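For the sequence shown, the tail end lands on 761 under the UniProt record's numbering, and the numbers increase by one without skipping. Positions of the beta carbon are idealized from the N, C-alpha and C atoms, including for glycine. These figures come from a predicted structure and were not determined experimentally.
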Amino acid sequence: MDLEAAGGAAAAHGKRWRGESWRATLLLAYQSLGVVYGDVATSPLYVYKSAFAGDDIQHSAGNEEIYGVLSFVFWTLTLITLVKYVLIVLRADDGGEGGTFALYSLICRHVRAGLLPGGGTRDELMEEDKVTGRRGERPVSRVRAVLEKYRVLQRLLLLFALLGTCMVIGDGVLTPAVSVFSAVSGLELSMEKEQHKYIELPVACAILICLFALQHYGTHKVGFLFAPIVCIWLLCISAIGLYNIIHWDHHVYRALSPYYMYQFLKKTQTGGWMSLGGILLCVTGSEAMYADLGHFSQSSIQIAFISVVYPALVLAYMGQAAFISQHHNFESSYHIGFYVSVPESLRWPVLVIAILAAVVGSQAIITGTFSIIKQCSSLSCFPGVKLVHTSSTVHGQIYIPEINWMLMVLCLAVTIGFRDTKHLANAQGLAVITVMLVTTCLMSLVIVLCWNKSIFLAIGFLLFFGTIEVLYFSASLVKFHEGAWVPITLSFIFMVVMCVWHYGTIKKYEFDVQNKVSVNWLLNLGPSLGIVRVRGIGLIHTELMSGIPAIFSHFVTNLPAFHQVLVFLCVKSVPVPHVQPEDRFLVGRIGPKEYRLYRVIVRYGYRDVQKDDLEFEKELVSNIAEFIRSSGECDKNGFVEDTDRPSDKLSPVSTGIPLWEEDGDLDASASPHKDIDAQNIAPKRKKARFMIPKSAQVDSEVRRELQELMDAREAGMSFILGHSYMKAKKQSQPFVRRKHTSCFHPRGRNGLPGLIAPAAV
């Protein structure tokens, strides 16, 4: 499969919104408010409080501090969120998908620098180009040549992408804590000083527990509430902001001048620089716009932000600054926050709306974390986890129980451990800016390698946005002891897990390749393989794209019987978001026709849902049948798979032969036991028939092979799985000795008994 061709097909699928009407685009823009912008919309709750937290800067009567913070907030929101993400980064979609992995896979397809196992290694990508022979010519650049030449740069690129992914997962822990705790902090203005300390924390923890406990219901169950909540929240903060501007300081618009940023840094110096870690939080959630690109269109996200979200946030920040500029009698900077600028009569309704909006913003990052973990797992960079699809219509809505409860425990731990927004905000700020730095660096490579633009344009992009983000990154990193250590620790743990899993998967795959059995050994056994062949289909799962896995030789020497039809099934994740159904199956034959041995490679993108159900079995058999029919027309004598270049003998099957099933009644009168109770009679078995086109020329040999395949499916299908273990020798530093053991747990279907083989060492 030509990955670039697959990416182009996926791009056509991902850009499915282009031809739709403006009404559909506006509807998508409305829906994106509840899914994409919940996080960035709730940032006014804690930006000013975080900027003035501690002793970094103090609010003075001259208002240089508050005007300077407003100027920084406005230009950061404008340059980072509006210009960088909305106008530039959203264009770098990988088949309609966004996010760190989308940028990485986009670069790998153009540079051939993939290192991901199970479909992402460079050699396998080259093999997939040979399958269709459609490798496109790309303009060669120095950057591409250097990346393709040096393996160490490819590893660094993968580590860089994994770093951004780990920081997003860390953000999934911190964002719910910051958003919910900041929303609940409004209780402090309605209670006595000593009381609210004992109320805020339990209420925040209770809301977080409910939030994570409801995840298994899925986003679609409550999704219709999200957009209205965010719309009401944006309307609320913009109206309050406009009121404060008119009532308190209508000249606050002057602070939008960059001059006030200079005055701010000149007066506050080191304290002002350190406060940038809190100002940075005004752009939290910007990465979610790009990550959720696959659920919406580029135009809908841009319309929603430019026309609704951006003006509302600017009015909200200006309104808070206008109010604070006229109030200098606070007991401490701790009270410089959102709720002090809300009219007293509206505080309780606003508090309720803020809590709901915080829940919506937290929901977006939690579901995004589920999606990222699924992508990493599908590309063998994370241990296998249980995926629960919460929607029968939207394939991207998933729930991962283990990750959900882990996030809940970590979220509660940081909330109870810090108990204030200052430390939580410091931790979140470092996670957010690190992801943005990774995106900037990868985006500069996309500009050169994928868009074929001038390298000077890419360097300009990197220097302009990189300089801004490095400034914020340094301000966040300096607060390592004040909470910033949390995302570093979390990302380090996840990075170790991903790297170890990736390394182990690569070593396991190399071991399987080195110890695979030659086809000549199989041919010497004869059509019966030296054992009794019984009715049924045996699916032998393997990671190999060519050759015979070593575990199969153990089968042949230890089992007295084996299935009539054997299929070596390789489920392969490729670094593209989606693989079209017509490109999903590659089918080939191992040995002559009478052996009834087939190889099937099933390819999925990192956003595709991998099937393992009756429908998948039906598609699998249908595609094998179509291969038998088409190969019968092209090759009357059969062929033997060439182990040196196996991919040339694998045929892509665009559409399988339709499989028609009917219920077959068992004839109870034919049974010798006339007195058997009807409940003890075996269940009805479905009879399968292939719907061969009338125009197809099918000879008797092909019909006989199709009939055997059909009979084997009616008898049942068994899945044969293997387990591998890696053990290090005591004296190995750091090299390892791989110990390969296999045990098989087939599961029968339609009455086919399971087969258990002893472990092979």
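In DSSP terms, what residue i is bridged to
| i | result |
| --- | --- |
| Val565 | Ile537 |
| Ile720 | Ile540 |
| Lys572 | Arg603 |
| Tyr399 | Val388 |
| Ile548 | Val517 |
| Val532 | Ala561 |
| Glu97 | Asp94 |
Residues near residue i by beta carbon distance below 7 Å, same chain, minus five either side
| i | result |
| --- | --- |
| residue 831 | With the chain covering only 1 through 761, there is no way to say anything about residue 831. |
| Val385 | Ile373, Ser377, Ile400, Glu402, Ile403 |
| Leu27 | none |
| Val342 | Ile240, Val350 |
| Ala431 | Met167, Gly170, Asp171, Leu174, Pro487 |
| Phe370 | Ile398, Tyr399, Ile400, Ile403 |
| Asn63 | Ser325 |
| Asp249 | Ala322, Ser325, Gln326 |
| Leu242 | Leu315, Gly319 |
N- and C-terminal bounds of the beta strand (DSSP E) containing residue i
| i | result |
| --- | --- |
| Ile601 | 597 to 605 |
| Leu586 | 585 to 589 |
Extent of the continuous alpha helix (DSSP H) to which residue i belongs
| i | result |
| --- | --- |
| Gly62 | Run containing Gly62: none; DSSP gives neither H nor E here. |
| Phe382 | That residue, Phe382, is in no alpha helix (DSSP H); it is neither H nor E in DSSP. |
| Leu174 | 151 to 184 |
| Gln514 | 485 to 514 |
| His423 | 421 to 449 |
| Glu344 | Premise fails: Glu344 is in no alpha helix (DSSP H) and is neither H nor E. |
| Ile107 | 100 to 111 |
| Leu28 | 22 to 35 |
| Val470 | 455 to 477 |
| residue 763 | Because the chain spans 1 through 761 in this model, residue 763 falls outside it and cannot be assessed. |
| Glu701 | 700 to 715 |
| Ala51 | 47 to 51 |
Residues near residue i by beta carbon distance below 6 Å, same chain, minus five either side
| i | result |
| --- | --- |
| Phe465 | Lys84, Thr440 |
| Gly164 | Thr100, Val435, Val438 |
| Phe72 | Met261, Ile279 |
| Gly361 | Gly38, Asp39, Thr42, Ser179 |
| Leu442 | Leu103 |
| Ile488 | none |
| Lys453 | Ile447 |
| Arg596 | Val565 |
| Phe616 | none |
| Ala12 | Because the pLDDT of Ala12 is 43, which lies under 50, any placement of that residue in the model is unreliable, and the question is left without a value. |
| Arg144 | Val111, Leu449 |
Beta-carbon proximity check, residue i vs residue j, cutoff 8 Å
| i | j | result |
| --- | --- | --- |
| Ile80 | Met436 | yes |
| Pro383 | Trp273 | no |
| Ile537 | Val587 | no |
| Val314 | Phe52 | no |
| Ala29 | Ser300 | yes |
| Met289 | Val567 | no |
| Tyr198 | Gln375 | no |
| Thr421 | Tyr46 | yes |
| Ala321 | Ala427 | no |
| Glu97 | Pro581 | no |
| Leu162 | Met406 | no |
| Val602 | Asp292 | no |
| Trp233 | Ile353 | yes |
| Gly547 | Val579 | no |
| Leu33 | Ala316 | no |
| residue 765 | Gln610 | Since the first residue shown for the chain is 1 and the last is 761, residue 765 is missing from the structure and cannot be characterised. |
Close-in-space but distant-in-sequence residues of the same chain around residue i (CB under 8 Å, 5 per side omitted)
| i | result |
| --- | --- |
| Val388 | His216, Ile398, Tyr399, Ile400, Pro401 |
| Ile628 | Val702, Glu705, Leu706, Leu709 |
| Leu424 | Leu174, Ala177, Val178, Phe181, Val414, Thr415, Phe418, Gly483 |
| Ile433 | Leu280, Glu469, Tyr472, Phe473, Ser476 |
| Ile459 | Ser444 |
| Leu525 | Val556 |
| Pro202 | none |
4 or more residues per run - each alpha helix (DSSP H) lying fully within the segment 263 to 321: 270 to 279, 286 to 291, 298 to 304
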